[in-house]
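The block underneath contains the structure these notes are about, expressed in structure tokens.
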Amino acid sequence: MQPQTKLPKVGTTIFTVMSQMAAEHGAVNLGQGFPDFPAPQRLIDETAKAMRDGFNQYAPMTGVAPLRQAIAQKALDCYGAQVDADSEITVTSGGTEAIFNAIHAVVRAGEEVIVLDPAYDCYEPAIDLAGARAVHVALDPQTFAVDWDKVRAAITPKTRMLMVNTPHNPSGAMLSAADMQALADVLRGTDIYLISDEVYEHIIYDGVRHESALRYPELRERAFVISSFGKTYHCTGWKIGYAIAPPAMTAEFRKVHQYNTFTTYSPAQYGFAAMIRDEPQHHLELGAFYQSKRDRFREQLLTTRLKPLPVPGGYFQLVDYSAISDLRDHEFVKWLTIEKGVTAIPLSPFYENPPAGQRLVRLCFAKNDATLDAAIERLRAL
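The numbering used here applies: residue 30 is where the sequence shown begins, and numbers increase by one.
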């Protein structure tokens, strides 16, 4: 029996496709965004201790109390936000689940959600499954800055939600304080909800401040703020994140979460609680840790024919390959994997309508130096 698809535009993700191709051809995989170095030993030890101590059954649907309390304290310490641990924080099975829950909590069939292209690939399928329509507004194709006049022009009586992502995947661009003020200006006087996808919140560089929606009361009152432990603690495979939202919005969010995953892996929640509480230097120093990798990788790329773009935040490096090839990005990353042994991610899958002539691909530098060195050696042969 052949079902009628609910997601006609969805196939296998580009990340899965390219990682499989990397494995088949023995390529250095700088495509999918995961570290190839270990999670902090303290996190592993605390998680193992929780298992030994018997925390192996269902956690509370909202997340264990020590973790929610630690998250609330971190929100206060980092962003000056007074967050109620009981009514405003929900632990989820990754940032992806949190984004799905937030959309389905408030977006109804026939409504519209504005997304900024290039946008992460999980956004639109969740919107489609809600019976709504994604309205794509393109960022600047060179700087990935937001044109807020275009965002304002995209708003209609059907607009239910706007989604922003800072630091931005795939570009690494970050929203400034002026952007957050412009965002508040656009949304003021509307009933539009906001998703602020901040999963790379601690991977920021050059002394620039992360402009979380939690810093801005006018935005916070309408925002689902999404964070990811996997990105912060080098354990993307654990798939644990959380959402912060006002109490009434959190209540609706939890209705979806309750019948989606219901709860999230218990032992790791105690591990993360210990890390936030007792090892805050990990998230506070994460930007410096990755900045050294970013700077070293950029210097190495300058010895190749690839042109690296600026990276204000996140652990992805966009490179312009136009000096090497006129192939479209899908074809170029396949050629690069098969013929040169390095795997990248094309930018076009992040767009509804990719910019004409754009020749950019994404490389992940959340890797050991030996991995990056091996990739650079092959890229110098281009």
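We treat Cβ as the ideally placed atom computed from N, Cα and C, and that holds for glycine.
If you're wondering where the values come from, they're calculated on a predicted model, not measured in any experiment.
Going by beta carbon distance, what residues of the same chain come within less than 6 Å of valine 193, once the five residues before and after it are set aside?
Ser225
Excluding the 5 residues preceding and the 5 following proline 384 in the sequence, name in chain order all residues of the same chain whose CB lies nearer than 6 Å to its CB.
Pro170
Whole angstroms are fine: how far does the CA of glycine 160 sit from the CA of lysine 35?
9 Å
Do the region 187-201 and the region 224-240 meet, that is, are 3 or more Cβ pairs less than 8 Å apart?
yes
For serine 256, does the three-state DSSP call read helix, strand or coil?
strand
Identify whether methionine 192 lies in helix, strand or coil by the three-state DSSP scheme.
strand
Looking at the unbroken alpha helix (DSSP H) that takes in alanine 127, where does it start and where does it end?
123-135
Segments assigned beta strand (DSSP E), at least 3 residues, entirely inside the region 304-365:
345-349
List the residues that DSSP assigns as beta-bridge partners of arginine 162.
Glu141
Coil, strand or helix - tyrosine 222 by DSSP
strand
Starting from leucine 389, trace the alpha helix (DSSP H) in both directions and tell me its first and last residue.
From DSSP, leucine 389 is part of no alpha helix (DSSP H) but of the beta strand (DSSP E) over 389-393.
Valine 39, buried or exposed, once every other Cβ within 10 Å from all chains shown has been counted against 16
exposed
So is proline 246 buried or exposed if we call it buried at 16+ other beta carbons inside 10 Å?
exposed
Residues near threonine 119 by beta carbon distance below 7 Å, same chain, minus five either side
Thr91, Gly92, Tyr271, Ala272, Thr279, Phe282, Arg283 and His286
Kindly identify the DSSP beta-bridge partner or partners of proline 375.
Val390
Completely contained beta strand (DSSP E) runs for the region 258-306, where each covers 3 or more residues
270-273
Would DSSP call isoleucine 43 helix, strand or coil?
helix
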